[in-house]
Amino acid sequence: MELLDRLFLGTTVVLLSLAGCDSGEIGRDELDLVISGSRIMDPESGLDAVMNLGIKEGKIKIITDQDLSGKNFIDGSGLVLAPGFIDLHEHAQSDEGYRLMVRDGVTTALELEVGTRDVSSWYDQRRGGQVVNYGVSVGHIPVRMAVMGDEGSFLPTGVGGSAIATDEQIAEMILMLEQGLSQGAVAMGFGMAYTPGATYEEFRSMLEVAASARVSSHIHIRGGVEGVRRTIDIAAEVGAPLHVVHANSSGGEEIADFLAVIEQAVSLGQDVSTEVYPYGAGMTEIGSALFDDWETYTDSQFAMHQWVATGERLNRDNFEIYRETGGKVIIHGRSEEATQIGVTHPLAMIASDGFVEEGRGHPRTTGTFSKVLGQYVRDQGSLSLMEGIKKMTLMPAQRLERTVSQMQGKGRIRLGADADLVVFDPSEIRDRSTYEDGMIPSTGVEYVVVNGRVVVNRGELVEGVLAGSAVRGELY
Ligand SMILES: [Zn+2]
């Protein structure tokens, strides 16, 4: 049955390509790039067949079982050709970060949880191209920090997190969020766990902005299963599209119940989605509100924390010192069973929550996507390859495409779509980064194409090709 489907779909696409762009008229060398002989997998159409693909001017021009020629050629035999991976939760928005994540197959990296308060400047800083496509949300956290006068650099370390906002301050936040959307923010971001002073009433006021613009709100909830239920209820009341970030981290060992709450809302027709990263440890700022109760920790609780800069495990003494100086800490402790439930849940997209600074970071920054395809798809057989690909391509594209029309051309392999593509070896793909060294590139990602240009060639980054462009929201 499955084979029959494949053959049928393969045939359909050949006919489409012949009819759609009249391959007989594609002259020799007219195509910019040809990838031949790959197993092309597209989660939107269900296409799963060995075919040839031709690219012209950054777009997919032809998919066929006929031979193709072009100015450049990749022999993709034995490899899988899939849409490039779209990461909805990526804090490593720097050249250093982009260079690492592209070797994990990422072609579009979006910072949608924390976001920025100055959307125009954020895009201006990246003008002229980056290794991968990039985009940002306007974030309630940085907006709140600006309005309240918090001194933290990335997350609140003072009043921006802990203080209750006045009506005037809330009105100011609303204005800044609206301004960010008008400057092309891709979404709105929230981190309720980092802003304990923000009441649910404040949150409701912010979500009303998202609801009227119909943009996706990417939220780090607080309070586990009860918290996600309450958050979903408020989003339903105001009619805001909601995306719950890292269900694995926010749900913890109760992830099955956590996901059941989301599943129920979806079954009732609410616009809610979620994502996970495939690791049992998290990472965040040691100075953030998540650790406000650190003085009550037991020795074993301290030892669950690992200092990113040195790799050392923490105790009461050095925790106190680092809490003062600030920096990133990895938090161990979730079971593999919980991670497995998250990764394999049909509603869960894959998103890295990556971050890197001066060569240090969590392994999820470099290994998220290849870990899912290597460990959960190939080694464990917990997901089919098509399901795995769908979670990192089509599903994130669909999350945003209603208000970010550029996303309609990403996350799928079809004629006219953006040529953002990854070519990987399904028998070799594997993450290699560890908690001690989070910067080791994955293996098995052989080629990555961004907007039609080859940025990873035979597993190595091609220097100087800044093919990625800005992804911006519709209100811009
Ligand atoms: Zn995050």
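Anchor point for the sequence shown: position 31 equals 864 in my numbering, and the numbering is continuous, going up by one each time. For glycine and all other residues, C-beta sits at the position ideal for the given N, C-alpha and C.
In terms of Cβ geometry, LEU1040 and VAL1071 form a close pair [threshold 8 Å]. In this structure, the C-beta of HIS924 approaches ligand 1 to less than 7 Å from one of its heavy atoms. Within the chosen limit of 7 Å, ligand 1 reaches the beta carbon of VAL1078 through at least one heavy atom. Using a cutoff of 7 Å, the CB of ASP1186 counts as near ligand 1, since one of the ligand's heavy atoms is closer than that. Per DSSP, the unbroken alpha helix (DSSP H) holding LYS1224 starts and ends at 1218-1225. Where ARG977 is concerned, the enclosing alpha helix (DSSP H) starts and stops at 973-981.
Within 7 Å of the C-beta of GLU1070 there is not a single heavy atom belonging to ligand 1. Look at GLU1191: its beta carbon is at least 7 Å from all of the heavy atoms in ligand 1.
SER1266 is the residue among GLY1207, SER1266, ARG1235 whose C-alpha sits nearest the C-alpha of VAL1189. Shortest gap from the CB of GLU1157 to any heavy atom of ligand 1: 7 Å or more. With respect to LEU933, THR1236 sits apart: the two C-beta atoms are not nearer than 8 Å.
Across the structure, GLU1279 and GLY1200 are spaced so that their CA atoms are roughly 15 Å apart. In the DSSP assignment, ARG1211 is bridged to no other residue.
Across the structure, GLY1192 and ALA1004 are spaced so that their CA atoms are roughly 40 Å apart. Inclusion of LEU945 and GLY903 in the CB contact set at 8 Å is not warranted, their separation being larger than that value.
By alpha-carbon distance to THR1276, the top candidate from ILE868, VAL992, ARG1291, ARG1286 is ARG1291. Sorting TRP1140, ASP1104, ILE893 by C-alpha distance to the C-alpha of THR1158 places TRP1140 at the top. Judged by pairs of C-beta atoms under 8 Å, the stretch 1034-1048 does not touch the stretch 1219-1227, as fewer than three such pairs exist. By the CB criterion at 8 Å, ILE1119 and MET1137 fall outside the cutoff. Counting along the chain, the unbroken alpha helix (DSSP H) around MET1009 starts and ends at 1000-1015. SER878 and GLY1244 have their alpha carbons spaced roughly 11 Å apart. At a Cβ-Cβ threshold of 8 Å, GLY968 and ARG950 do not count as neighbours. Rounded to whole angstroms, the separation of the alpha carbons of GLN1103 and THR1131 is 41 Å. Only residues of its own chain outside the window of five on either side were considered, and among them VAL1205, LYS1224, MET1225 have a CB closer than 6 Å to the CB of ILE1183, listed in chain order. Counting of Cβ neighbours within 10 angstroms places ASP1066 among the exposed residues, the total staying below 16. With distances taken between CA atoms, PRO989 lies nearest to ALA1122 out of VAL1048, ALA1122, ASP928, ASP1000.
The alpha helix (DSSP H) runs of length 4 or more contained entirely in the stretch 1242-1300 do not exist; there are none. ALA1026 has its alpha-carbon roughly 15 Å from the corresponding atom of TRP1127. Membership of ASN1148 in any beta strand (DSSP E) is not indicated, and neither H nor E is assigned to it by DSSP. Per DSSP, reduced to three states, the secondary structure at SER869 is strand. GLU946 has its CB nearer than 7 Å to a heavy atom of ligand 1.
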